[in-house]
Amino acid sequence: MIIKKKEHWFLMLFIWRRSVLPALLPRLLLLLLFSVIVVACRPYLLEFKAELNPTPFTLFGIALALFLGFRNNASYDRFWEARKLWGALLNDTRSLARQALTLCNYEKGAAAPGLFINYLIAFTYALKHQLRHTDASADMDRLLPATLSAELATVRYKPILLLKEMAAWVQASREQQKLEPILQLAFEENFNKLSDIVGGCERIAGTPIPFTYSILLHRTVYIYCFLLPFGFVASLGWFTPLIVVFIAYTFVALEAIADEIEEPFGLESNDLALNAMSKMIENTLLEINGQQLGPVPQEKNDIID
């Protein structure tokens with residue numbers, strides 16, 4: 008995720024790093040060259056009546072802008088829902104840690120509450136690794152008993168197995184008379200919330216915006232941009248390349264941003280900072296348990312991952 012101080016409005020016009028412009032520059036240069044060729048060949052266009060009336064481009068541009076707006080809203084809705092789910096994960100893990108430390112009658116310094124908190128931390132990292140398709144072994148090995156870590160290495164949905172382990176911990180606490188039966192319901196309620204969070208994240212990760220929808224918009228944007236010089240050459244002359252590139256930058260950049268944020272759990276610069284959020288949850292839970300905190304994630308080149 009990009010963490011950058013907001014600059015003065017004038018300086019914002021010249022920001023290069025972390026914008027989408029570097030990725031779009033080759034396409035915009037190609038369009039600029041194409042527009043120059045169209046202007047240079049204008050006498051031949053008149054001969055073949057290839058110049059177009061700019062009015063249809065104006066109307067179609069408005070419709071295309073609305074279409075791009077809906078596309079960006081759909082992508083941002085996915086991004087924001089993912090962020091809310093991880094915010095809920097922070098709240099629910101805090102609640103469960105507090106319940107384990109205050110509702111269970113373990114002696115001060117007992118290992119059992121610390122084990123439960125490690126389960127919560129491991130759950131967070133397991134979900135992060137599942138969403139990013141990365142190896143969770145290192146985090147599981149440092150947080151969990153060796154037997155459980157080895158078992159997790161053989162399963163695909165690690166967060167669900169950890170939920171089962173946490174529920175078993177609560178059941179064992181009740182059987183050892185460390186937890187009143189009626190208070191077990193409070194744990195179960197939060198376990199259900201964690202399960203809903205996993206399901207919500209899996210829904211976002213496993214259900215991309217339909218490909219046909221994206222490819223239709225992609226084709227329409229580029230066809231429109233490459234037809235623009237024919238509509239403006241008669242009225243703008245040699246200003247056509249500049250105006251066409253400016254309009255194309257707006258449309259192509261909006262499409263590129265929508266593509267980038269529609270998968271919020273990825274590793275691109277505008278995706279959610281799952282590593283930082285996982286570390287924040289870990290430090291919060293360690294602090295609740297009175298343990299030493301780990302290092303705080305730092306931004307690097309305006310990015311925190």
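Per our numbering, residue 8 is the first one in the sequence shown, and the count goes up by one each step. We put the beta carbon where it would ideally sit given N, CA and C, even for glycine. Since we're looking at a predicted model, the values are computed, not measured.
- The Cβ atoms of Phe272 and Ala89 lie closer than 8 Å to each other.
- Check the Cα spacing between Pro236 and each of Glu158, Val251, Ile268 and Glu275: the tightest is with Val251.
- Annotation for Glu182: the continuous alpha helix (DSSP H) segment containing it runs Lys165 to Glu182.
- Secondary structure at Cys232: helix, using DSSP grouped into helix, strand and coil.
- The beta carbons of Leu31 and Ala179 sit no closer together than 8 Å.
- Your pair Asn125 and Leu97 does not check out as a contact, with CB atoms roughly 17 Å apart and the cut at 8 Å.
- Rounded to the nearest angstrom, the Cβ distance from Phe239 to Thr247 is 5 Å, consistent with a contact under 8 Å.
- For Asn282, the enclosing alpha helix (DSSP H) starts and ends at Leu281 to Ile295.
- In the DSSP annotation of this structure, Thr161 is not part of any alpha helix (DSSP H), being labelled neither H nor E.
- Assignment of Val27 by DSSP, reduced to helix, strand and coil, places it in the coil class.
- Rounded to whole angstroms, Ala117 and Tyr83 show a C-alpha spacing of 45 Å.
- DSSP, read as helix, strand or coil, puts Cys111 in coil.
- By the Cβ-count criterion, Val46 is buried, with 16 or more other Cβ atoms from all chains shown falling within 10 Å of its own Cβ.
- Under the three-state reduction of DSSP output, Asp278 falls in the coil class, being neither helix nor strand.
- Cα atoms of Ala95 and Ile204: separation of roughly 8 Å, rounded to the nearest angstrom.
- One Cα belongs to Gln191, the other to Met173, and the distance between them is close to 12 Å.
- A Cβ-Cβ separation of about 40 Å leaves Phe258 out of contact with Val303 under the 8 Å criterion.
- The region 203 to 278 contains, as complete alpha helix (DSSP H) runs of 4+ residues, the segments 218 to 243 and 247 to 268 (chain order).
- Counting along the chain, the unbroken alpha helix (DSSP H) around Ala118 starts and ends at Ala118 to Arg139.
- Just so you know, the alpha carbons of Ile295 and Gln106 end up roughly 11 Å apart.
- Around the C-beta of Ile288, 16 or more other C-beta atoms lie within 10 Å, and the residue is accordingly described as buried.
- Per DSSP, the continuous alpha helix (DSSP H) segment holding Asp146 begins and ends at Ser144 to Leu150.
- Comparing C-alpha distances from Arg149 to each of Ile268, Leu75, Leu122 and Trp93 shows the shortest one belongs to Leu122.
- In the three-state reduction of the DSSP assignment, Val303 falls in the coil class.
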